[in-house]
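Enquirer: Residue numbers (the working numbering): 20 to 270.
Where is the CB? At the ideal position from N, CA and C, for every residue including glycine.
#1: Runs of 3 residues minimum, wholly inside the region 173-212: which ones carry the beta strand (DSSP E) assignment?
#2: With C-beta atoms as the reference, is residue 209 less than 8 Å away from residue 153?
#3: So the alpha helix (DSSP H) residue 162 belongs to, where does it begin and stop?
#4: CB residue 275 to CB residue 229, shorter than 8 Å?
#5: Residue 104: buried (16+ other C-beta within 10 angstroms of its C-beta) or exposed?
#6: Output the distance between the C-alpha atoms of residue 182 and residue 142, rounded to the nearest integer angstrom.
#7: Bridge partners for residue 226 per DSSP, in chain order?
#8: Got a sec? Which residues, its chain only, sit under 6 Å from residue 58 by beta carbon, not counting five neighbours each side?
#9: What whole-angstrom Cβ distance do residue 72 and residue 115 have, given they're in contact under 8 Å?
#10: Please report the Cβ distance between residue 248 and residue 223, rounded to the nearest whole angstrom; I am assuming they are in contact, meaning their Cβ atoms lie under 8 Å.
#11: Going by DSSP in three states, residue 267 sits in which element: helix, strand or coil?
#12: Let me know the beta strand (DSSP E) ranges lying completely inside the region 30-109, each 3 residues or longer, listed in chain order.
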């Protein structure tokens, strides 16, 4: 039986296991998908050794950029973004395995934005600087939308601090994306520290998190009249793209 997996820390919130195992059942595919909580990528080699039938795996926070040194090669998009969320495990004639990295988060976010675009969505504020943020920034570039990135890290290159998020700045960014894990289950009371009172009905607030369905970030935005969107559409789009890649490159 072929095997696929999600690696990250934590992973219990992910719906990928349910999605893929249901897909395998409905389509009669002899495969299974498992969630694997790795507290460190130092355990990756042992994980691979323990799963000889692994054909591919997904990568989630906090390893989307840290996984790069462990891969043999990158797809063009993943190389451009500098982050990976999908890995193909290719086996050679001699049994050696090559790990090829891809990024389907870009396509997932890009396609999910196409359906909700409005003419005044011309600038975006992206919260966070991790692998998910890099994918979102790449998608916005493809959409022709200017981006500004906010980070908790002081003096992080090409970003501003949360303390610089004034009401005036929020007003100038009609799209605000939470690309951090802040607010993800089980820490559902957490939310990014932005001036929510500056949000208006002209804003779109997009949270990549989908568990819970409405984070506190989205709830606060909705209270101000903003349009809100969670990450479930992005998840489904990128999951289908994952399967296309595994099917095409995993032969």
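Expert: Taking the coordinates as given:
#1: The region 173-212 contains these whole beta strand (DSSP E) runs: 194-197.
#2: Position 190 of the chain shown, counting from 1, holds the residue named residue 209. Position 134 of the chain shown, counting from 1, holds the residue named residue 153. No.
#3: Walking along the chain shown from the start, residue 162 turns up at place 143. Run containing residue 162: 150-162, per the alpha helix (DSSP H) assignment.
#4: As displayed, the chain neither begins before 20 nor continues past 270, which places residue 275 out of reach and without an answer.
#5: Within the chain shown, the letter at position 85 stands for residue 104. Looking at its Cβ environment, which holds 16 or more other Cβ atoms inside 10 Å, residue 104 is buried.
#6: Counted from its first residue, the chain shown places residue 182 at position 163. Counted from its first residue, the chain shown places residue 142 at position 123. Cα-Cα distance, rounded: 19 Å.
#7: Your numbering for residue 226 matches position 207 in the chain shown. In the DSSP output, where bridge partners are listed per residue, residue 226 has 197.
#8: Within the chain shown, numbered from 1, the residue matching residue 58 stands at position 39. Around residue 58, the same chain offers 28 as residues with beta carbons nearer than 6 Å, after the five sequence neighbours per side are excluded.
#9: Here residue 72 refers to the residue found at position 53 of the chain shown. Here residue 115 refers to the residue found at position 96 of the chain shown. Not really, about 15 Å apart at Cβ, beyond 8 Å.
#10: In the chain shown, residue 248 corresponds to position 229, counting from 1. In the chain shown, residue 223 corresponds to position 204, counting from 1. Going by Cβ atoms, the distance from residue 248 to residue 223 rounds to 7 Å, so yes, they are a contact pair.
#11: Within the chain shown, residue 267 is the residue found at index 248, counting from 1. Helix at residue 267.
#12: Taking only runs of at least 3 residues, the beta strand (DSSP E) segments lying wholly in the region 30-109 are 50-56, 73-78.
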